[in-house]
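In the numbering used here, the protein residues as written are 399 to 650. Note that beta-carbon positions come from the ideal geometry of N, C-alpha and C, so glycine has one too. Some notes on the structure that comes next.
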Ligand code: NDP
Ligand code: 8X3
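Structural data, given as structure tokens:
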């Protein structure tokens, strides 16, 4: 039976591929992000290509007020939720902590940590009511290994992992599953966002690496949510073959 999947940050990169992977599999998807026109494009394409129900939710996860008012209403209208993929997130800047912009740090914390928290709090009551559901949180290898010039981004992803582990403990009496996905370097618009639109600098991040593609991450997300009820995959770490840890990459 088709499931209802809610994916945050589905306008681009990994989230877009996750939404497409579920639609292709035959699930209904509720896609969200800030860019309404992109959501409309994705909705039109996925519903036409895969014949599933695709709903959109324009949402800035940093706005607690918006999340608290819009998410429950969207889930009610969608007919409930089986899987939440907390994917919306970003890095801003790559500078020594002492030289980094506090505004960048606040944006990352507000999006990657507080945004994920608001969305999860808004969705969990629906899962608790049904006594089941699956929360998939997008962490990163950056949450396992800090790297130079990335202290705050790495800290936000470590927080994602810790939040996932804590929520898994607190919901243990239910059949709710919680998974952290921790990818290494994935080739997406992520670096362009990190470097505030500097496309050349962003390109250099992926030069000489056969980087993970966002479709690879989507395959993993689909896999972890397609397991039998008895099986919970708590964490998955994936890296490019040329990556060993954090920013330790062998460029060819
Ligand atoms: P993209 O920049 O391609 O996608 C980021 C997505 O997050 C967009 O859809 C964007 O939508 C959404 N988003 C950002 N800020 C907000 C916000 N305030 N409210 C709602 N949505 C928001 O990057 P990726 O696909 O690479 O990143 C997706 C996730 O994967 C992030 O959490 C990132 O940290 C994580 N990750 C990325 C890796 C990589 O190397 N690329 C590796 C490991 C993890 P919109 O702009 O429309 O709001
Ligand atoms: C994104 C991967 O290594 O660029 O989380 O921080 S990395």
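field: DSSP-derived helix/strand/coil call for residue 544
entry: coil
- prompt: Who are residue 574's beta bridge partners in DSSP?
  reply: 531
- prompt: Heavy atom of the ligand 8X3 less than 7 Å from the Cβ of residue 588, yes or no?
  reply: yes
message: Would the region 514-527 count as touching the region 494-504 if we require 3 or more Cβ pairs under 8 Å?
response: no
Residue from 481, 544 and 648 whose Cα sits closest to the Cα of residue 573: 481
- request: Could you please give me the residues that DSSP links to residue 643 through a beta bridge?
  value: 646
field: chain B contact for residue 513 (CB, 8 Å cutoff)
entry: Absent from the structure is chain B; it holds one protein chain and no more.
query: Excluding five sequence neighbours on each side, which residues of the same chain lie with their C-beta closer than 8 Å to the C-beta of residue 499?
result: 490, 491 and 493
- request: May I ask whether a heavy atom of the ligand NDP can be found less than 7 Å away from the beta carbon of residue 406?
  value: yes
- prompt: Which ranges would you report for the alpha helix (DSSP H) in the region 416-503 if only whole runs of at least 4 residues count?
  reply: 434-448 and 462-476
task: Measure the CB-CB distance between residue 595 and residue 536 and report whether it falls below 8 Å.
output: no
message: Using 8 Å as the cut-off, can you tell me whether the region 526-533 makes contact with the region 450-467, which would need three or more C-beta pairs spanning the two stretches below that distance?
response: no
message: Just to check my reading of the structure: residue 539 and residue 562 have Cβ atoms closer than 8 Å, yes? What is that Cβ distance to the nearest angstrom?
response: About 15 Å; that fails the 8 Å criterion.
Three-pair Cβ contact test at 8 Å for the region 592-606 versus the region 625-636: no
message: Taking the straight line between their C-alpha atoms, what separation do you get for residue 476 and residue 457?
response: 16 Å
task: Rounded to whole angstroms, what's the CA-CA distance from residue 614 to residue 541? Just pull it up for me.
output: 19 Å
query: Is residue 539 near the ligand 8X3, judged by its Cβ being under 7 Å from some heavy atom?
result: yes
message: Less than 7 Å separating the Cβ of residue 551 from some heavy atom of the ligand 8X3?
response: yes
- prompt: If you drop the 5 nearest sequence neighbours on each side, which residues of the same chain put their C-beta closer than 7 Å to that of residue 623?
  reply: 481, 532 and 534
field: Nearest neighbour of residue 467, chosen from 516, 423, 512 and 447 [CA to CA]
entry: 516
- request: State yes or no: is the C-beta of residue 583 nearer than 7 Å to some heavy atom of the ligand 8X3?
  value: yes
- request: My understanding is that residue 426 touches residue 403, with C-beta atoms under 8 Å, so please give their C-beta distance in whole angstroms.
  value: 7 Å
Cβ neighbour criterion (16 or more within 10 Å) applied to residue 643: exposed
field: residue 449, buried or exposed, once every other Cβ within 10 Å from all chains shown has been counted against 16
entry: exposed
- request: Grab me the residues of residue 545's own chain with a C-beta within less than 6 Å of its C-beta, minus the 5 sequence neighbours each way, in chain order.
  value: 644 and 645
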